[in-house]
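A.B. asks: For any residue, its number in my numbering is found by taking its place in the sequence shown, counting from 1, and adding 62.
Here a beta-carbon is modelled for each residue, glycine too, at the ideal position from N, C-alpha and C.
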Amino acid sequence: CATAEALLPQRYLLEVGGLPNGWRLAGIQADGRDVSDLPLDLTSGRVPPEVVVDVTDQLAVLAGTVRGADALGDATATVLVFPRDGRRSGERRFRAVRAGLDGAFVIRDLPPGDYHLIAVDDAETSDWVNADRLDRYRPRATSITLRAGDTRFVELRRAPAR
Numbered sequence: 063c064a065t066a067e068a069l070l071p072q073r074y075l076l077e078v079g080g081l082p083n084g085w086r087l088a089g090i091q092a093d094g095r096d097v098s099d100l101p102l103d104l105t106s107g108r109v110p111p112e113v114v115v116d117v118t119d120q121l122a123v124l125a126g127t128v129r130g131a132d133a134l135g136d137a138t139a140t141v142l143v144f145p146r147d148g149r150r151s152g153e154r155r156f157r158a159v160r161a162g163l164d165g166a167f168v169i170r171d172l173p174p175g176d177y178h179l180i181a182v183d184d185a186e187t188s189d190w191v192n193a194d195r196l197d198r199y200r201p202r203a204t205s206i207t208l209r210a211g212d213t214r215f216v217e218l219r220r221a222p223a224r
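Written out as structure tokens, the structure is:
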């Protein structure tokens, strides 16, 4: 491919844009390896003979409620979702959603995978994708697995600030 020959030997993060409403990236495979969220390493100068891009209309939805100490909805919480596998770094696997006045939240269009989710005070959300911060959240987080097309409901309690 003329485009591949013009690439410099380095690492590339592949992205797909311009998909119609209701569709999302399901995955990108190169040499039989999922590179959807990991850089494609071309530092050796070797370009994979085939890169396969899969799209889907099977969107996952994660919804639920954050409860306060009094069992009512906690409107001061933000729900953070991040991959259980610390090597996954694509932005599409990290989400922060503020709970509504009744504590309800909805997160749409997460790729299938294994996730941690945690409800924290809004004040704890600056720089939350930082690796050190995620390491502090992991032991207190709820783990879930999402498959394509899943709709999952989760009830959370806001984690105490640290």
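1) Does DSSP put residue 196 in a helix, a strand or coil?
2) From the DSSP output, in three-state form, read off residue 145 for me.
3) From which residue to which residue does the beta strand (DSSP E) around residue 89 run?
4) Which class does residue 184 belong to by DSSP, given the choice of helix, strand or coil?
5) Starting from residue 113, trace the beta strand (DSSP E) in both directions and tell me its first and last residue.
6) How many angstroms separate the CA atom of residue 87 from the CA atom of residue 183?
7) Judging by CA-CA distance, which residue of 138, 212 and 158 is the nearest neighbour of residue 219?
8) Is residue 206 near the ligand FAD, judged by its Cβ being under 7 angstroms from some heavy atom?
9) Does the pairing of the stretch 128–148 with the stretch 157–172 give three or more beta-carbon distances under 8 angstroms?
10) Do the CB positions of residue 96 and residue 155 come within less than 8 angstroms of each other?
C.D. replies: If we stick to the structure as given:
1) Within the sequence shown, numbered from 1, the residue matching residue 196 stands at position 134. DSSP places residue 196 in the helix class (H, G or I) of the three-state scheme.
2) Stepping through the sequence shown from its first residue, residue 145 is reached at position 83. Strand, per DSSP.
3) For this step, residue 89 is matched to residue 27 along the sequence shown. In the DSSP assignment, residue 89 falls within the unbroken beta strand (DSSP E) covering 86–92.
4) Walking along the sequence shown from the start, residue 184 turns up at place 122. Here residue 184 sits in helix by DSSP.
5) Here the question's residue 113 lines up with position 51 in the sequence shown. Here the beta strand (DSSP E) through residue 113 covers 113–118.
6) Working through the sequence shown from its first residue, we reach residue 87 at position 25. Working through the sequence shown from its first residue, we reach residue 183 at position 121. Distance between the alpha carbons of residue 87 and residue 183 is about 31 angstroms.
7) Residue 219 sits at position 157 when you count from the first residue of the sequence shown. Among 138, 212 and 158, the Cα nearest to that of residue 219 belongs to 138.
8) In terms of ligand content, the structure shown is empty, and the ligand FAD therefore cannot be addressed.
9) Touching, per the Cβ criterion.
10) Counted from its first residue, the sequence shown places residue 96 at position 34. Counted from its first residue, the sequence shown places residue 155 at position 93. It is not a contact, given that the beta carbons lie outside the stated cut-off.
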